[in-house]
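Protein chains in written order, with numbering that gives the first Met the number 0: chain A, 0 to 189; chain B, 0 to 189.
Protein chains: 2
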Amino acid sequence: MQKRNSSFIFVSDYLLFMTEKQDKILSAALELFANEGFSATSTNQIAKKAGVSEGLIFKHFKNKKGLLDALYGQVEGKLSEGFAQIIFETDPKKVLKITIESPFTIPSEDYDFWRLQFKLKWESDYYNPEKMQPLIDKLTWVFTELNYESPELEAKLLEQMIETIMVAILRQGKESQLALKDFLLKKYEL
Amino acid sequence: MQKRNSSFIFVSDYLLFMTEKQDKILSAALELFANEGFSATSTNQIAKKAGVSEGLIFKHFKNKKGLLDALYGQVEGKLSEGFAQIIFETDPKKVLKITIESPFTIPSEDYDFWRLQFKLKWESDYYNPEKMQPLIDKLTWVFTELNYESPELEAKLLEQMIETIMVAILRQGKESQLALKDFLLKKYEL
DNA sequence: AAACAAAAAGTAAGTACTCACTTAAATACA
DNA sequence: TGTATTTAAGTGAGTACTTACTTTTTGTTT
Numbered sequence: 000m001q002k003r004n005s006s007f008i009f010v011s012d013y014l015l016f017m018t019e020k021q022d023k024i025l026s027a028a029l030e031l032f033a034n035e036g037f038s039a040t041s042t043n044q045i046a047k048k049a050g051v052s053e054g055l056i057f058k059h060f061k062n063k064k065g066l067l068d069a070l071y072g073q074v075e076g077k078l079s080e081g082f083a084q085i086i087f088e089t090d091p092k093k094v095l096k097i098t099i100e101s102p103f104t105i106p107s108e109d110y111d112f113w114r115l116q117f118k119l120k121w122e123s124d125y126y127n128p129e130k131m132q133p134l135i136d137k138l139t140w141v142f143t144e145l146n147y148e149s150p151e152l153e154a155k156l157l158e159q160m161i162e163t164i165m166v167a168i169l170r171q172g173k174e175s176q177l178a179l180k181d182f183l184l185k186k187y188e189l
Numbered sequence: 000m001q002k003r004n005s006s007f008i009f010v011s012d013y014l015l016f017m018t019e020k021q022d023k024i025l026s027a028a029l030e031l032f033a034n035e036g037f038s039a040t041s042t043n044q045i046a047k048k049a050g051v052s053e054g055l056i057f058k059h060f061k062n063k064k065g066l067l068d069a070l071y072g073q074v075e076g077k078l079s080e081g082f083a084q085i086i087f088e089t090d091p092k093k094v095l096k097i098t099i100e101s102p103f104t105i106p107s108e109d110y111d112f113w114r115l116q117f118k119l120k121w122e123s124d125y126y127n128p129e130k131m132q133p134l135i136d137k138l139t140w141v142f143t144e145l146n147y148e149s150p151e152l153e154a155k156l157l158e159q160m161i162e163t164i165m166v167a168i169l170r171q172g173k174e175s176q177l178a179l180k181d182f183l184l185k186k187y188e189l
């Protein structure tokens, strides 16, 4: 295995070998796409922010869209990480607690991933509500276990609440949602 | 006052005189900005969709951004319309009912206004949470009247719920949220 | 260890557009 | 006739991407 300036990242389910420059390009692109938008970001801006030549972007990625697709793979990885703890938990009350607290556990370094994800949700190519289904299924199980009258609707409601809290955190900061979190924890008797 | 092809629309608080061509330009821009994004939309695309010459856009609007600002004025108008009925209602239960049902009363012709609004919320120049304060204040009053324990948090929670329902309607269609609406009406005993 | 070749990574310059916007002349319409 | 609009051409800047070349790294041989 090679030992040069490089690192390993998980993109979806597979291991990808990447140089330091590639990493810099992806980081720069993430920041710009997440905050300015894909179309509003030029490859020249990305190159400058990454501290590389513009041509190098096209050496490592097929085109500008290919860069977005690589980032999207990383976004999906973040999402899976976010779910894993919830999916594998077996105590219904713990599931609820972890779920409600999940937006508050995301490190701020990951906020651009989430911003990009929410921006991309408005593009039909990238919007797939099925992706949230495992979480909704898990929550449905929780509300069934806890003998709620409409477990499926409770699950859907909570999933959408968590999403709107995450959006608000990204826009207004974590502090703006802390009271609401505690309020929800109380509502669900946690 | 001129009598040719024209109409009157309210932009924020004042009356704006507008030709049919201006209207077509704005409609085309709305559709494209809302669905493709501002940066991803060229003035040539707008002209073609509006069925006018590209030069005419710049006769009527200072620049591309000016077009967006004019649309934003209309977006704000739609928002005020949406609030008016709620703000002026004096029966707490009716306020809740109207609020929960409000995303479902929006005509689909207005969906692009709302799409644009949600897209623009990710731009700091256009994001202003204070705008929702009148609604939150009204709902706080409602929950106080109805003797809820934490009226302010209840109001905030509901406001965010309504927003996420509106987003889901825009993405997935009205039918996807009907069950949730009925569920909420039931939760609030309406 | 040193020398060299090959492979990989990276750069600067270039290419062929597209873009927002302007301008002047011509056309259309009431 | 006066006004609104179109047409056509143009401008200068910016865009995504390519190309030819350079630099760095890796592998092989001595």
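Positions of the beta carbon are idealized from the N, C-alpha and C atoms, including for glycine.
- Along the segment 104-119 of chain B, going in chain order, the ones with a CB nearer than 8 Å to a CB of chain A are Arg114, Phe117, Lys118.
- By the neighbour-count definition (other C-beta atoms within 10 Å, threshold 16), glutamine 159 of chain A is a buried residue.
- Only residues of its own chain outside the window of five on either side were considered, and among them none has a CB closer than 6 Å to the CB of lysine 185 of chain A.
- The segment 102-115 of chain A and the segment 159-173 of chain A touch, with no fewer than 3 CB-CB distances between them shorter than 8 Å.
- For the pair leucine 138 of chain A and lysine 48 of chain B, the Cα-to-Cα distance works out to about 45 Å.
- The Cβ-Cβ distance between alanine 46 of chain B and glutamate 35 of chain B does not fall below 7 Å.
- Cβ proximity to chain B below 7 Å picks out Leu152, Lys155, Leu156, Gln159, Met160, Glu162 from the segment 150-162 of chain A.
- Per the C-alpha coordinates, the member of B:Phe57, B:Asn62, B:Phe82 positioned closest to methionine 131 of chain B is B:Phe82.
- Secondary structure of phenylalanine 37 of chain B (DSSP, three-state): coil.
- Between leucine 157 of chain B and leucine 115 of chain B, the alpha-carbon positions lie close to 22 Å from each other.
- Taking 4 residues as the shortest admissible run, the segment 89-172 of chain B contains the following complete alpha helix (DSSP H) segments, listed from N- to C-terminal end: 91-104, 110-119, 132-144, 150-171.
- Three or more beta-carbon pairs separated by less than 8 Å link the segment 19-26 of chain A to the segment 59-71 of chain A, which places the two stretches in contact.
- The beta carbon of leucine 67 of chain B is closer than 7 Å to those of Phe32, Phe37 in its chain, skipping five residues each way along the sequence.
- The Cβ-Cβ distance between leucine 29 of chain A and aspartate 124 of chain A does not fall below 7 Å.
- Using a CB distance cut-off of 7 Å, phenylalanine 142 of chain B does not count as an interface residue toward chain A.
- The Cβ neighbour count for leucine 177 of chain B, taken over all protein chains shown within 10 Å, is under 16; the residue is labelled exposed.
- Scanning A:Asp181, A:Lys180, A:Gln171, A:Tyr187 for the CA closest to the CA of glutamate 153 of chain A turns up A:Tyr187.
- Asparagine 62 of chain B carries a coil assignment under DSSP once its states are collapsed to helix, strand and coil.
- For proline 106 of chain B and leucine 119 of chain B, the gap between their C-alpha atoms comes out near 20 Å.
- For serine 52 of chain B, the three-state secondary structure derived from DSSP is coil.
- Listed along chain B are Arg170, each with a C-beta nearer than 8 Å to that of tyrosine 126 of chain A.
- The alpha-carbon of aspartate 109 of chain A is positioned some 23 Å away from that of isoleucine 56 of chain A.
- When only Cα atoms are considered, threonine 40 of chain A and lysine 64 of chain A end up about 12 Å apart.
- Flagged as an interface residue toward chain A: leucine 179 of chain B, by a C-beta distance shorter than 7 Å.
- Annotation: Cβ neighbours of glycine 36 of chain B in chain A (cutoff 7 Å, chain order): Gly36, Ser38.
- The Cβ of phenylalanine 182 of chain B sits closer than 7 Å to at least one Cβ of chain A.
- Only residues of its own chain outside the window of five on either side were considered, and among them Ile99 have a CB closer than 6 Å to the CB of leucine 183 of chain A, listed in chain order.
- Per DSSP, reduced to three states, the secondary structure at glutamate 188 of chain B is coil, with no helix or strand assignment.
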